[in-house]
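Asks: Numbering (this note's numbering), first residue to last: 29 to 285.
Think of the CB as a built atom: it goes at the ideal place given N, C-alpha and C, for glycine as much as any other residue.
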Ligand code: FPP
């Protein structure tokens, strides 16, 4: 007897209404490692496999941008041993995945204070951005040495410089112009933000950009978060009504017109 195909959450997704941009706070690598009697670095290593799964799932679900919080400004305070392991792991992951990314039309872009990264990581990243620059199926944005407060201060300094040198005037400044000074310029704001690992906070991630983002929190540790978990989050998102400050009635009548 033929075995019945197991239902996937992917089948429940309306691909014409998929979120354009999904941002992810990958949390729980350390705790996953502890539960399995392993080192924290092993958790991060397994986390790379989740990144691969999610990139594939996003592509299947017609998501156009995925931003992952790979290393925060605050992560520089971790023990040197863990920072070094993470930086090496990123070089390894980037090198290992480069061909696959090109083949699957995935473009990689980094955001953050990447000058702080060790040279080997920065160079691997720059090379990856260069060789994947023609990818147009999905953009994978790696937030590295990133924090929102750093980004907003950095943008403000550049804005002031441009006012001083006469490139723009104070009256030109509005939300749209300010957004152009952020590292995420040309990237749409996230529609959905996923945080794994059970914590319910934003941890200095895309604070400006997430003004109207929907949140999805799960207890699942990042190394256990795979394709089906991603599809499940999209299905949950599609059940919600995004009102952007308007009433339900307004949204309904806009849909009809
Ligand atoms: C949080 O778990 C995870 C991180 C700080 C880093 C995750 C980074 C990767 C998986 C590398 C991705 C890089 C590329 C190039 C794809 P945690 O250590 O805070 O976990 P805990 O809260 O359980 O301690």
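1. Checking contacts by CB at 8 Å: is residue 281 closer than that to chain C?
2. Indicate, with yes or no, if the ligand FPP has a heavy atom lying under 7 Å from the CB of residue 121.
3. Could you tell me whether any non-hydrogen atom of the ligand FPP is closer than 7 Å to the CB of residue 70?
4. Using the rule of at least 16 other Cβ atoms within 10 Å of the residue's Cβ for burial, across every protein chain shown, is residue 82 buried or exposed?
5. Just tell me which of 54, 89, 263 and 123 has its CA closest to the CA of residue 43.
6. Between residue 250 and the ligand FPP, is there a pair consisting of the residue's CB and a ligand heavy atom that are separated by less than 7 Å?
7. So, is residue 105 buried or exposed, given that buried needs 16 or more other C-beta atoms within 10 angstroms?
8. Going residue by residue through the segment 218-275, where are the continuous alpha helix (DSSP H) segments of at least 4 residues, counting only ones entirely within it?
9. My parser needs the beta strand (DSSP E) runs of 3 or more residues fully inside the segment 122-147; what are they?
10. Any idea what DSSP makes of residue 173, helix, strand or coil?
11. With a 10 Å radius around its C-beta and 16 neighbouring C-beta atoms as the bar for buried, classify residue 95 as buried or exposed.
Replies: The relevant details are as follows:
1. Reference to chain C is not applicable here, since this structure consists of a single protein chain.
2. Walking along the chain shown from the start, residue 121 turns up at place 93. At least one heavy atom of the ligand FPP is nearer than 7 Å to the Cβ of residue 121, so yes.
3. The count along the chain shown starts at 1 and reaches residue 70 at position 42. It does not: the Cβ of residue 70 is nowhere closer than 7 Å to a heavy atom of the ligand FPP.
4. Working through the chain shown from its first residue, we reach residue 82 at position 54. Label assigned to residue 82: buried.
5. As a first step, residue 43 must be located in the chain shown, where it is residue number 15. Among 54, 89, 263 and 123, the Cα nearest to that of residue 43 is on 89.
6. Position 222 of the chain shown, counted from the first residue, corresponds to residue 250. Yes, the Cβ of residue 250 comes within 7 Å of a heavy atom of the ligand FPP.
7. Here the question's residue 105 lines up with position 77 in the chain shown. When all chains shown are included, residue 105 counts as exposed.
8. 255-266
9. 134-139
10. The residue you call residue 173 lines up with position 145 of the chain shown. Three-state result, residue 173: strand.
11. Position 67 of the chain shown, counting from 1, holds the residue named residue 95. Flag for residue 95 reads buried.
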